[in-house]
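First up is the structure itself, then whatever we jot down about it.
Numbering (the working numbering), first residue to last: 381 to 597.
Structure follows, in C-alpha coordinates:
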(Lines of atoms letter the chains of each structure in order from A and count residues from 1; the text may use other names and numbers.)
(Lines give C-alpha, C1' and ligand atoms only; values in the text may rest on other atoms or scores of the structure.)
Protein backbone atom coordinates (compact mmCIF):
# COMPACT_ATOMS: atom_id res chain seq x y z
CA UNK A 1 0.00 0.00 0.00
CA UNK A 2 1.53 3.34 -0.99
CA UNK A 3 1.60 6.43 1.20
CA UNK A 4 -1.35 8.02 -0.64
CA UNK A 5 -3.73 5.06 -0.41
CA UNK A 6 -7.18 5.85 1.07
CA UNK A 7 -7.91 2.25 2.08
CA UNK A 8 -8.37 1.51 5.76
CA UNK A 9 -5.53 -0.39 7.34
CA UNK A 10 -6.53 -3.77 8.79
CA UNK A 11 -5.94 -2.51 12.33
CA UNK A 12 -8.02 0.66 11.86
CA UNK A 13 -10.98 1.02 14.24
CA UNK A 14 -14.50 0.39 13.01
CA UNK A 15 -17.89 1.26 14.44
CA UNK A 16 -20.83 -1.11 14.51
CA UNK A 17 -23.78 -0.28 12.26
CA UNK A 18 -25.99 0.56 15.25
CA UNK A 19 -23.38 2.97 16.63
CA UNK A 20 -23.04 4.68 13.27
CA UNK A 21 -26.81 4.97 12.94
CA UNK A 22 -27.07 6.57 16.40
CA UNK A 23 -24.27 9.03 15.64
CA UNK A 24 -25.91 9.94 12.33
CA UNK A 25 -29.23 10.43 14.14
CA UNK A 26 -27.58 12.76 16.65
CA UNK A 27 -25.85 14.71 13.88
CA UNK A 28 -29.04 15.15 11.84
CA UNK A 29 -31.10 16.28 14.84
CA UNK A 30 -28.36 18.67 15.99
CA UNK A 31 -28.03 20.28 12.56
CA UNK A 32 -31.79 20.62 12.04
CA UNK A 33 -32.46 22.16 15.46
CA UNK A 34 -30.36 25.26 14.69
CA UNK A 35 -32.27 26.44 11.58
CA UNK A 36 -35.58 25.65 13.29
CA UNK A 37 -34.51 27.87 16.18
CA UNK A 38 -33.61 30.64 13.74
CA UNK A 39 -37.02 30.35 12.06
CA UNK A 40 -38.71 30.51 15.47
CA UNK A 41 -36.75 33.63 16.40
CA UNK A 42 -37.68 35.23 13.10
CA UNK A 43 -41.35 34.51 13.71
CA UNK A 44 -41.15 36.10 17.16
CA UNK A 45 -39.63 39.25 15.65
CA UNK A 46 -42.43 39.42 13.08
CA UNK A 47 -45.03 39.02 15.81
CA UNK A 48 -43.73 41.96 17.83
CA UNK A 49 -42.92 44.21 14.85
CA UNK A 50 -45.08 47.29 14.35
CA UNK A 51 -44.34 47.28 10.62
CA UNK A 52 -46.89 44.52 9.97
CA UNK A 53 -50.05 45.40 11.93
CA UNK A 54 -52.31 42.43 12.51
CA UNK A 55 -49.73 39.92 11.28
CA UNK A 56 -49.18 38.38 14.73
CA UNK A 57 -52.82 37.30 14.93
CA UNK A 58 -53.10 36.10 11.35
CA UNK A 59 -54.01 32.41 10.97
CA UNK A 60 -51.18 31.96 8.48
CA UNK A 61 -48.47 33.09 10.90
CA UNK A 62 -50.00 31.11 13.75
CA UNK A 63 -49.99 27.98 11.59
CA UNK A 64 -46.31 28.48 10.75
CA UNK A 65 -45.43 29.09 14.40
CA UNK A 66 -47.31 25.97 15.52
CA UNK A 67 -45.64 23.87 12.83
CA UNK A 68 -42.16 25.07 13.79
CA UNK A 69 -42.83 24.34 17.48
CA UNK A 70 -44.20 20.87 16.69
CA UNK A 71 -41.12 20.11 14.57
CA UNK A 72 -38.79 21.34 17.32
CA UNK A 73 -40.46 19.09 19.89
CA UNK A 74 -40.42 16.11 17.56
CA UNK A 75 -36.73 16.49 16.81
CA UNK A 76 -35.97 16.75 20.54
CA UNK A 77 -37.86 13.49 21.02
CA UNK A 78 -36.06 11.87 18.09
CA UNK A 79 -32.66 13.04 19.27
CA UNK A 80 -33.14 11.37 22.65
CA UNK A 81 -34.72 8.22 21.19
CA UNK A 82 -32.51 7.65 18.14
CA UNK A 83 -29.32 9.54 18.96
CA UNK A 84 -26.07 8.42 20.52
CA UNK A 85 -26.16 7.65 24.27
CA UNK A 86 -23.11 7.02 26.42
CA UNK A 87 -23.37 4.09 28.82
CA UNK A 88 -22.86 6.27 31.91
CA UNK A 89 -25.22 9.13 30.97
CA UNK A 90 -28.21 9.77 33.23
CA UNK A 91 -31.35 11.86 32.95
CA UNK A 92 -33.39 13.47 35.74
CA UNK A 93 -37.02 12.38 35.90
CA UNK A 94 -38.15 16.01 35.91
CA UNK A 95 -36.33 16.56 32.60
CA UNK A 96 -38.20 13.61 31.12
CA UNK A 97 -41.47 14.99 32.50
CA UNK A 98 -40.71 18.35 30.88
CA UNK A 99 -40.21 16.64 27.53
CA UNK A 100 -43.53 14.82 27.94
CA UNK A 101 -45.29 18.13 28.59
CA UNK A 102 -43.85 19.43 25.34
CA UNK A 103 -44.92 16.28 23.50
CA UNK A 104 -48.45 16.78 24.84
CA UNK A 105 -48.57 20.28 23.35
CA UNK A 106 -47.55 18.99 19.94
CA UNK A 107 -49.69 15.84 19.78
CA UNK A 108 -52.78 13.96 20.89
CA UNK A 109 -51.31 11.94 23.76
CA UNK A 110 -51.71 12.93 27.41
CA UNK A 111 -48.79 11.52 29.40
CA UNK A 112 -48.30 10.96 33.13
CA UNK A 113 -44.89 9.96 34.47
CA UNK A 114 -44.50 8.30 37.88
CA UNK A 115 -40.79 8.61 38.56
CA UNK A 116 -38.47 10.33 41.04
CA UNK A 117 -34.73 10.88 41.04
CA UNK A 118 -33.00 10.00 37.81
CA UNK A 119 -32.53 7.11 35.39
CA UNK A 120 -29.96 5.92 32.85
CA UNK A 121 -30.25 7.62 29.48
CA UNK A 122 -30.39 4.15 27.93
CA UNK A 123 -33.64 3.52 29.83
CA UNK A 124 -35.00 6.94 28.86
CA UNK A 125 -34.32 6.07 25.23
CA UNK A 126 -36.28 2.83 25.56
CA UNK A 127 -39.17 4.65 27.25
CA UNK A 128 -39.35 7.14 24.39
CA UNK A 129 -39.23 4.37 21.79
CA UNK A 130 -41.95 2.50 23.71
CA UNK A 131 -44.04 5.68 23.73
CA UNK A 132 -43.68 5.82 19.95
CA UNK A 133 -45.03 2.27 19.78
CA UNK A 134 -48.02 3.31 21.88
CA UNK A 135 -48.51 6.38 19.69
CA UNK A 136 -48.62 4.12 16.64
CA UNK A 137 -51.43 2.14 18.27
CA UNK A 138 -53.29 5.33 19.24
CA UNK A 139 -53.03 7.80 16.34
CA UNK A 140 -56.31 9.44 17.43
CA UNK A 141 -54.97 10.18 20.90
CA UNK A 142 -55.23 8.72 24.37
CA UNK A 143 -54.01 8.73 27.96
CA UNK A 144 -50.63 7.15 28.78
CA UNK A 145 -49.31 6.37 32.25
CA UNK A 146 -45.59 5.60 32.55
CA UNK A 147 -44.31 4.20 35.84
CA UNK A 148 -41.10 2.76 37.21
CA UNK A 149 -41.92 -0.52 38.94
CA UNK A 150 -39.92 -3.00 41.00
CA UNK A 151 -39.14 -4.99 37.85
CA UNK A 152 -38.67 -2.23 35.28
CA UNK A 153 -40.89 0.19 33.37
CA UNK A 154 -44.55 -0.07 32.41
CA UNK A 155 -46.58 2.00 29.96
CA UNK A 156 -50.37 1.70 30.24
CA UNK A 157 -52.53 3.54 27.72
CA UNK A 158 -56.24 4.00 27.14
CA UNK A 159 -58.07 5.46 24.15
CA UNK A 160 -61.50 5.49 22.54
CA UNK A 161 -60.09 3.19 19.86
CA UNK A 162 -56.77 1.72 18.77
CA UNK A 163 -55.13 0.66 15.56
CA UNK A 164 -54.05 -2.94 15.99
CA UNK A 165 -51.03 -3.92 13.93
CA UNK A 166 -49.85 -7.29 15.33
CA UNK A 167 -47.12 -7.69 12.71
CA UNK A 168 -45.38 -4.58 14.03
CA UNK A 169 -45.84 -5.46 17.69
CA UNK A 170 -44.52 -8.96 17.07
CA UNK A 171 -41.09 -7.40 16.53
CA UNK A 172 -40.96 -6.70 20.26
CA UNK A 173 -40.97 -10.35 21.29
CA UNK A 174 -39.36 -11.92 18.24
CA UNK A 175 -42.51 -13.69 16.99
CA UNK A 176 -42.58 -11.89 13.64
CA UNK A 177 -40.83 -14.77 11.87
CA UNK A 178 -37.93 -14.60 9.40
CA UNK A 179 -40.16 -14.11 6.35
CA UNK A 180 -41.87 -10.91 7.54
CA UNK A 181 -40.88 -7.83 5.57
CA UNK A 182 -39.03 -5.05 7.31
CA UNK A 183 -41.24 -2.33 8.77
CA UNK A 184 -41.67 1.01 6.96
CA UNK A 185 -39.36 3.83 8.09
CA UNK A 186 -42.20 5.45 10.06
CA UNK A 187 -42.38 2.35 12.28
CA UNK A 188 -38.66 1.71 12.77
CA UNK A 189 -39.08 2.24 16.53
CA UNK A 190 -40.50 -1.29 16.89
CA UNK A 191 -37.40 -3.27 15.79
CA UNK A 192 -35.14 -0.64 17.30
CA UNK A 193 -36.73 -1.01 20.74
CA UNK A 194 -36.44 -4.78 20.39
CA UNK A 195 -32.76 -4.48 19.52
CA UNK A 196 -31.99 -2.22 22.50
CA UNK A 197 -33.88 -4.59 24.80
CA UNK A 198 -31.77 -7.51 23.60
CA UNK A 199 -28.56 -5.51 24.00
CA UNK A 200 -29.42 -4.66 27.62
CA UNK A 201 -30.85 -8.04 28.56
CA UNK A 202 -34.41 -6.76 28.93
CA UNK A 203 -37.55 -8.72 28.12
CA UNK A 204 -40.51 -6.88 26.61
CA UNK A 205 -44.14 -7.77 27.23
CA UNK A 206 -47.03 -6.09 25.45
CA UNK A 207 -50.73 -6.29 24.74
CA UNK A 208 -53.08 -4.24 22.58
CA UNK A 209 -56.88 -4.30 22.85
CA UNK A 210 -59.73 -2.36 21.28
CA UNK A 211 -59.24 0.66 23.53
CA UNK A 212 -56.05 -0.01 25.48
CA UNK A 213 -52.39 -0.85 25.09
CA UNK A 214 -49.71 -1.92 27.53
CA UNK A 215 -45.96 -2.31 27.17
CA UNK A 216 -43.44 -3.24 29.85
CA UNK A 217 -39.72 -3.93 29.95
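Glycine included, each C-beta is placed from N, C-alpha and C at the ideal position.
It should be emphasised that the depicted structure is a prediction, and the values quoted were computed from it without experimental measurement.
- Counting along the chain, no alpha helix (DSSP H) covers residue 492; the unbroken beta strand (DSSP E) around it starts and ends at 489 to 494.
- Here residue 470 carries a strand assignment [DSSP, helix/strand/coil].
- For residue 562, the three-state secondary structure derived from DSSP is coil.
- Within the same chain, 455, 458, 459 and 463 come within 7 Å of residue 409 by CB-CB distance, once the 5 residues on both sides are set aside.
- Relative to the Cα of residue 412, the nearest Cα in the group 400, 481, 448 and 521 belongs to 448.
- A contact between stretches requires three or more CB pairs, one per stretch, nearer than 8 Å, and the region 437 to 444 fails this requirement with the region 479 to 487.
- Residue 586 and residue 426 have their C-alpha atoms roughly 47 Å apart.
- Every beta strand (DSSP E) of 3 residues or more that sits fully in the region 525 to 559 is shown, in chain order, as 533 to 538.
- Taking the C-beta atoms as reference points, residue 539 is found nearer than 8 Å to residue 518.
- Counting along the chain, the unbroken beta strand (DSSP E) around residue 500 starts and ends at 498 to 500.
- Contact annotation, residue 507 with residue 533: C-beta distance approximately 6 Å; criterion of less than 8 Å satisfied.
- Around the C-beta of residue 497, fewer than 16 other C-beta atoms lie within 10 Å, and the residue is accordingly described as exposed.
- Cβ neighbours of residue 564 within its own chain (closer than 7 Å, five residues either side excluded): none.
- Residue 528 and residue 494 have their C-alpha atoms some 7 Å from each other.
- Bridge pairing for residue 592: 538 [DSSP].
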